[in-house]
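Enquirer: Got a structure for you, written out below as structure tokens; questions coming shortly.
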């Protein structure tokens, strides 16, 4: 269960880099991306499963650009789609490449 992951398990590695390495491989289903976003929200809010604590800042503010008053935390949805479309473009544009011939 992704929600039960603990931040301490990623000591020395930022969570966003782990997630970005994970979602580059395939189109992540929306439920997986929503679950990962939930884990990130809980981390930024200092979520403790034993307590009911209100969020002080909207998640949309956290993900806003720094020049718009946000923290500049990137969403997981757009990079996943962009990277997969990039790979699809390479697949169709370079039909004679080695990795394209391996896939087909």
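Numbering (the numbering used here), first residue to last: 35 to 138. We put the CB at the ideal spot given by N, CA and C, even for glycine.
#1: Compute the beta-carbon to beta-carbon distance between residue 95 and residue 103, rounded to the nearest angstrom, for a pair I have assumed lies under 8 angstroms.
#2: Should residue 14 be labelled buried (16 or more other beta-carbon atoms within 10 Å of its own) or exposed?
#3: Give the straight-line distance between the Cα atoms of residue 91 and residue 99, rounded to the nearest whole angstrom.
#4: Grouping DSSP H, G and I as helix and E and B as strand, with all else coil, what is residue 98?
#5: Tell whether a beta-carbon distance below 9 angstroms holds between residue 85 and residue 75.
#6: In this structure, how does DSSP classify residue 57 when only helix, strand and coil are distinguished?
#7: Taking the alpha helix (DSSP H) that residue 113 falls in, what are its first and last residues?
Expert: So, from the data block:
#1: 7 angstroms
#2: The requested residue 14 is not part of the displayed model; the chain covers only 35 to 138.
#3: 14 angstroms
#4: coil
#5: no
#6: Confidence in residue 57 is poor, its pLDDT being 49 and thus under 50, which makes the residue's placement too unreliable to answer from.
#7: 111-127
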